[in-house]
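First comes the structure, then the notes that go with it.
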């Protein structure tokens, strides 16, 4: 049984994927910056629903970001701690990968986009999904720009998906050139489900992570940093 953990953003989720790749449990919620007190009870809930304990978990998948600084650390530290303490294999995927996964049948490139704060979005391009191993190819680096700059940089046609559509759909719709489509409405539960399936494929292909070295993916420095030397 694989346990998937996603706390990248205000939408958080956990899921259980069995050995037949059937999603047997999925729980997602909108957190009010309370991930640290919500995550472990949510994991316990999905395990109890299946009458399981952590000893029944054979793999853990976690999102590494980009996302909220503190929220990401809650999910990563929990996943790494459970994996290390119970000797459970750990696999990971970026949050933008998981946003793209549900649209892997698209014939056009996919642009996954997330809220980055300060009026900006984080995004990357994906295409050429391989259904055999659930792999997808990221064709651009993750960047943070304004929605308007993102539209100017995108190819056409392209499908835009991801959580940032909730806040920026109006700007993206009005400023989008011909050939750019928006995957609306945004369905937050898809992300943790995608993480579970990506995690299973990576586990089978041997792409395991070391819990002692896995780090979050941040695209900008945190607001609170060490003071600069005088």
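Numbering (the working numbering), first residue to last: 1 to 230. Don't be surprised by glycine CBs; every beta carbon is placed ideally from N, CA and C. As the structure is a computational prediction, the values presented were derived from the model and not from experiment.
Distance between residue 111 and residue 19, taken at the CA atoms: about 31 Å. Annotation for residue 117: the continuous beta strand (DSSP E) segment containing it runs 110 to 117. With contact defined as three or more Cβ pairs closer than 8 Å, the region 146 to 160 and the region 91 to 108 are in contact.
When the alpha-carbon of residue 119 is set against those of 96, 150, 127 and 137, the nearest one is in 150. In the structure shown, residue 60 adopts extended strand secondary structure according to DSSP, grouped into three states.
Residue environment analysis places residue 6 among the buried positions, since at least 16 neighbouring C-beta atoms fall within 10 angstroms of its C-beta. The three-state reading of DSSP puts residue 163 in coil, since its state is none of H, G, I, E or B. With 16 or more neighbouring CB atoms inside 10 Å of its own CB, residue 68 falls in the buried class. The Cβ atoms of residue 30 and residue 11 lie closer than 7 Å to each other.
Contact annotation: residue 22 and residue 93 have beta-carbon atoms that are not nearer than 7 Å.
Beta-bridge partners of residue 180 (DSSP): 158. Residues 98, 101 and 102 of the same chain have their beta carbon placed closer than 7 Å to that of residue 194, with the five preceding and five following residues left out of the count.
The alpha carbon of residue 25 has as its nearest neighbour, out of 46, 215 and 75, the alpha carbon of 46.
When beta bridges are read from the DSSP output, residue 144 appears opposite 122.
In this structure residue 13 touches residue 27 by the C-beta definition: roughly 6 Å separates them, less than 8 Å.
Taken through DSSP and simplified to helix, strand or coil, residue 152 comes out as helix.
Between residue 60 and residue 79, the C-beta gap is smaller than 7 Å, which places the two residues in contact. Remark: C-beta atoms of residue 72 and residue 216 approach each other more closely than 7 Å. A Cβ-Cβ separation of about 6 Å places residue 142 in contact with residue 122 under the 8 Å criterion. The DSSP-derived three-state label of residue 65 is coil.
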